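No gaps in the numbering here: position 355 of the sequence shown is 355 in the working numbering, and each next residue is one more.
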Amino acid sequence: MNVLSGLKPEKVFNFFEEISAIPRGSKKEEQISAYLADFGRSRGLETIQDEALNVIIKKDATPGYEDVPAIIIQGHMDMVWEKNLDTEFDFENEGLKLLIDGDYIKAKGTTLGADNGIAVAFALAVLDSKDIPHPKLEVLMTSDEETGMSGAMALDGNLLEGKYLFNIDTEEEGEIYVSCSGGNRTTLTIPVTYTEPALDSFYNISVRGLFGGHSGMEIQLQRGNSNKIMGRILKAISDKLTINLVKINGGSKTNAIPREGDAMISAAKKDTAALNEILADVTGDIVEELRVSDAGVEITMTEGTKPSKVMDLDTTKRVINTLFLYPNGVQRMSLDIEGLVETSLNLGVLTTEDAGVVLQSAIRSSVDAAKALLTKEVETLAMISGAEFEQGATYPAWKFNPNSKLQDMALEVHEKSTGKKAGIKAIHAGLECGLLSEKLPHCDMISFGPNMFDVHTPEEKLSVSSVENVWNYFLDLLKSSKDYL
């Protein structure tokens, strides 16, 4: 028996459960892309699958809607793969283990992928329908949204004719999003020189129990970042004691606030008492500072076994100082829109690799100059620390359109449909609307979606009742399109 059987809207949840059985992590979309292409072709719908694995499925207008301009329904097929360290799960070969908890759908020990599986489910449900009135539809499901938007970047805009676009990739029912930040990814690699261990004790330091979250949507909540916390701990220790770093790792995605981190150090046996005292002091400060945002934070130290090599003192200092100085979190709030983060950085991934210690971050801003300035700060830090700097894919902001017919329709239909006024919002996250607005300059766009929480973490959950509400609103938008567009 299907876990979501009996939930309404039935077809939406059936498709959501079906795609949840298909591995679809970012850059691992071969199976889900093939599924979507087969879905369209098996129903006799015009279907395009490009080299980037993006899938476009077109469906003709229903009677009475032939003269309404085509509408693009857009989302992304990939999801963030995150699991708790104590969860045994093979994302590449297993389907998600869904469960229902009251009004919420979750996945056992892993991310749920409602971001953005719910958009896929909405699109499949309307494509599969025979009784939903709508204009010509062009469903666009992109690949690799979560790790650089390479699918949207590779899209040939000439394949689409729609003049209006519904992006179903935001997470607050009753809010219509009309603008988003741009961003980029940066990688800083600190070369490592190793030496034989000269000190006689070895310790593993761990950070656990942080909440994590989406590095755009939840960066303003000031949740603890395990990488920055580890840098603070190591800085406090190295300022008073001689230590060698052996290895350091934390986080796995630049667009997720890292929840867990580990480091191994060597120290002198005679400094054990001092080491414990320093760790206790800094842990006390961190626990107190995070008592509201991350009440479950735990910092532990255990004895480790002697490694074959350690980083030399110079490398150890450069790694710790770079990590300590690395910018992170909200850098500036918008002066135009109350409560909106303008510019931020998330130090999401920290790894010890053959090439060196690698720090990867996601920079976001609604102001291009601010994004460039923060990127230059990271590049300068790399220069000072003797590290290699690389800027990855960059994507543009989605600028507010004050003359949007789609915004007007969305607001009026929402009030008629629900009896409530919708809000108009900008979002501090990199929706694909920024890139798509360049690929499809003729297109009027909005973004909306049902309530979901703690995306990009194993605590991710999707509201069942909100899905039904937003689905009904979505259907009303399609039905009302001939009166507005």
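Yeah, the Cβ is synthetic: ideal placement off N, Cα and C, and Gly gets one too.
On a predicted model such as this, the values are computed, not experimentally measured, just so you know.
Asked, Found
"Alpha-carbon to alpha-carbon, Q74 and H414", "19 angstroms"
"DSSP state of V287 mapped onto helix, strand, coil", "helix"
"Among E161, H442, K439, F474, nearest to K416 - alpha-carbon criterion", "F474"
"Contact belief for D78 with R24 at Cβ below 8 angstroms, rounded distance in angstroms", "6 angstroms"
"Three-pair Cβ contact test at 8 angstroms for the stretch 361-381 versus the stretch 182-195", "yes"
"Cβ contact check for the stretch 434-446 and the stretch 47-64: 3 or more pairs under 8 angstroms", "no"
"Segment contact, 8 angstroms Cβ cut-off, at least three pairs: the stretch 116-124 with the stretch 65-72", "no"
"For A355, the three-state DSSP class (helix, strand or coil)", "coil"
"Spatially closest choice to H456 from S252, V292, T186, by CA coordinates", "S252"
"According to DSSP, residues forming a beta bridge with V139", "I57, I73"
"Touching by the beta-carbon criterion (3+ pairs, under 8 angstroms), the stretch 226-243 and the stretch 279-297", "yes"
"Euclidean distance between Cα positions of P327 and L345", "7 angstroms"
"Local Cβ density within 10 Å of N167, reported as buried at 16 or more and exposed below that", "buried"
"Contacts around M264, its chain only, beta-carbon distance under 8 angstroms, and the 5 residues preceding and following it disregarded", "F202, Y203, N204, I205, L245, V246, K247, I248, G304, P307"
"Whole-angstrom distance between P135 and F39, CA atom to CA atom", "20 angstroms"
"Cβ-Cβ distance between V486 and H428 below 7 angstroms", "Only positions 1 to 485 of the chain appear in this structure, which leaves residue 486 out of reach."
"Cβ neighbours of L99 in the same chain (closer than 8 angstroms, five flanking residues each side left out)", "V3, I105, K106, A107, K108"
"C-alpha gap between G231 and F324, whole angstroms", "5 angstroms"
"For E277 and Q391, the rounded distance between their alpha carbons", "40 angstroms"
"DSSP state of F400 mapped onto helix, strand, coil", "coil"
"Inter-residue CB distance, L374 and I363 (contact presumed, cutoff 8 angstroms)", "5 angstroms"
"Proximal residues to A154 (C-beta, below 8 angstroms), its chain only, five neighbours per side dropped", "D50, E51, A52, N54"
"Cβ-based burial, R291 [other Cβ within 10 Å; buried from 16]", "exposed"
"With 16 other Cβ atoms within 10 Å as the buried cut-off, status of R41", "exposed"
"Inter-stretch contact at 8 angstroms, needing at least 3 Cβ pairs: the stretch 402-409 / the stretch 190-197", "no"
"Spatial neighbours of G423 in its chain, beta-carbon cut-off 6 angstroms, leaving aside the 5 residues before and after", "E175"
"Contact check, A125 vs F16, beta carbons under 7 angstroms", "no"
"Three-state secondary structure (DSSP) of Q391", "strand"
"For E298, the three-state DSSP class (helix, strand or coil)", "strand"
"Sheet register partners of E303 (DSSP bridge)", "Y203"
"The stretch 442-458 contacting the stretch 208-222, beta-carbon criterion three pairs below 8 angstroms", "yes"
"Separation of E377 from I257, as counted between CA atoms", "20 angstroms"
"Residue nearest to S150 in terms of C-alpha spacing, selected from F453, S466, A21, S26", "S26"
"Bridge partners - R364, DSSP secondary structure assignment", "G183, S344"
"Spatial distance of A267 from D312 (CA atoms)", "12 angstroms"
"Residue range of the alpha helix (DSSP H) that includes V506", "Any answer about residue 506 is impossible in this case: the structure gives the chain only from 1 up to 485."
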